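These notes concern the structure reproduced below.
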Amino acid sequence: MPDSQTSYFHQSRTPLNNLVFYLPWLIVYEIGLWLSGDPYRNLADIWLRELLQWAGFSQHLLLPLLSCAVLLGWHHISKLKWRVDWHCLPGMLIECVGYAIVLFGVFQIQHLALKAIYQIANDPVAAWIAEEVSSTNVHHLLSMIGAGIYEELFFRLLLLPVVIWVLLRIELKTWLAYGLAVTVVSLGFAAAHSIGVEQDWFTFVFRFFVGAILSVVFLKRGFGVAVGAHALYNIAVAVLY
Numbered sequence: 011m012p013d014s015q016t017s018y019f020h021q022s023r024t025p026l027n028n029l030v031f032y033l034p035w036l037i038v039y040e041i042g043l044w045l046s047g048d049p050y051r052n053l054a055d056i057w058l059r060e061l062l063q064w065a066g067f068s069q070h071l072l073l074p075l076l077s078c079a080v081l082l083g084w085h086h087i088s089k090l091k092w093r094v095d096w097h098c099l100p101g102m103l104i105e106c107v108g109y110a111i112v113l114f115g116v117f118q119i120q121h122l123a124l125k126a127i128y129q130i131a132n133d134p135v136a137a138w139i140a141e142e143v144s145s146t147n148v149h150h151l152l153s154m155i156g157a158g159i160y161e162e163l164f165f166r167l168l169l170l171p172v173v174i175w176v177l178l179r180i181e182l183k184t185w186l187a188y189g190l191a192v193t194v195v196s197l198g199f200a201a202a203h204s205i206g207v208e209q210d211w212f213t214f215v216f217r218f219f220v221g222a223i224l225s226v227v228f229l230k231r232g233f234g235v236a237v238g239a240h241a242l243y244n245i246a247v248a249v250l251y
């Protein structure tokens, strides 16, 4: 692989570059909700804020600031240079679009399979997003961006590394620890989307695969790309369905 490509794939995974790529998504979401009266917060966002409130912290900006602090701390621990590689950012956005297309392709396959099996027009896979997005407008699109941000923060940036660390501590082989961690976190991701909605196994399996794909994207390409891919996929489904 040419050095330029090797350099890009290394630099685009550094926590600092991921933070810079992540910030515009976070700013658009938080300022957008603030201007609109804060009505459409994502479930993972609500959970994390409730956890902070339970711990005695209720400041509105604390959660987004903590998400940035996690990436800054990660970069510091990694002992990498404090340099932003701006040339990586367009490529990271292109990657997000590519992974979002993959996720949408999985969605389409599942959608067609369910229609063929149940012979219905509005299958449960589309319904779980339709419940959050009854019509396509700015507020609802903001909620889709929020899902990309805070679901990735909760399940991939916070939970997945902890599960991997625990499994490695009990001396599982590395490949097994990573595979098992992705499976466990993806099951949790699918289960979280099933709270308060009618459940069926096809929808659960679909959500599991989405969670697994996003986990692999996070591990291989970083937090920022996972956030962007998740948000763009959500927006695509919201607009087209």
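Heads up: the sequence shown runs through residues 11 to 251, numbered per the numbering used here. Virtual Cβ for every residue (Gly too), placed ideally from N, Cα, C. The structure presented is a predicted model; accordingly, all values stated were derived computationally and were not measured.
With a threshold of 6 Å on Cβ separation, who are the neighbours of R23 within its own chain once the five nearest residues in sequence on each side are excluded? So the list reads G232, once near-sequence residues are dropped.
CB-CB under 8 Å to V116, same chain, minus the five flanking residues each way: which ones, in chain order? Result list for V116: F216, F219, V220 and I223, in chain order.
Closer than 6 Å by C-beta to Y32: which residues in its own chain qualify, once you throw out the five before and the five after it? Chain order, please. The answer, listed in chain order, is G234 and V237.
Contact set for A110: own chain, Cβ-Cβ below 7 Å, skip 5 residues either direction: Excluding five sequence positions before and after A110, the CB atoms of its chain that fall closer than 7 Å to its own CB belong to A239, L242, Y243 and A246, given in chain order.
Quick check on this structure: which residue in I205, H203, Y188 and Y18 has the alpha carbon closest to the alpha carbon of G101? The candidate whose alpha carbon is nearest that of G101 is Y18.
Check whether the Cβ atoms of Y160 and D55 sit closer than 8 Å, and answer yes or no. Yes, they are a contact pair.
Just reading off the alpha helix (DSSP H) that L85 is part of, what are its end residues? Correcting the residue type first, residue 85 is His in the shown sequence and not Leu. Looking at the DSSP string, the run of the alpha helix (DSSP H) that includes H85 is L72 to S88.
Using alpha carbons as the reference points, say which of P171, P34 and F165 lies closest to S196. When C-alpha distances from S196 are compared across P171, P34 and F165, the shortest belongs to F165.
Drop a sphere of 10 angstroms on the beta-carbon of A126, count the other beta-carbons inside from all chains shown, and report buried for 16 or more, exposed for fewer. Within 10 angstroms of the beta-carbon of A126 lie fewer than 16 other beta-carbons, which makes it exposed.
Taking C-beta to C-beta, are L257 and W92 nearer than 8 Å? Only positions 11 to 251 of the chain appear in the structure, and residue 257 is not among them; the question remains open.
Under a Cβ-count criterion, where at least 16 other Cβ atoms within 10 Å of its own Cβ denotes burial, should L82 be classed as buried or exposed? Burial call: exposed.
Residue span of the alpha helix (DSSP H) that contains S204, given as start and end: It is not in any alpha helix (DSSP H) - S204 carries neither H nor E in the DSSP assignment.
D95 - containing alpha helix (DSSP H), residue span: Counting along the chain, D95 falls outside any alpha helix (DSSP H), and DSSP gives it neither H nor E.
In terms of residues, what are the limits of the alpha helix (DSSP H) holding S22? Note, S22: premise wrong, no alpha helix (DSSP H); not H, not E.
Is the Cβ-Cβ distance between F228 and L152 less than 8 Å? At the C-beta level, F228 and L152 stay beyond 8 Å of one another.
Could you check where the alpha helix (DSSP H) with Y243 kicks off and where it finishes? Y243 -> alpha helix (DSSP H) spans F233 to L250.
Terminal residues of the alpha helix (DSSP H) in which L61 lies: Bounds of the alpha helix (DSSP H) holding L61 are L53 to W64.
Go to S153, then tell me how far its alpha helix (DSSP H) extends in each direction, as first and last residue. Residues V148 to E161.
Which of helix, strand or coil DSSP assigns to I104: In the structure shown, I104 adopts helical secondary structure according to DSSP, grouped into three states.
Would you please state the rounded distance, in angstroms, between the beta carbons of L73 and L90? I believe it to be under 8 Å. Not a contact, Cβ separation roughly 25 Å.
Who are the Cβ neighbours of S252 in its own chain at under 8 Å, not counting the five residues just before and after it? No answer is possible for residue 252: it lies beyond the span of the chain, which begins at 11 and ends at 251.
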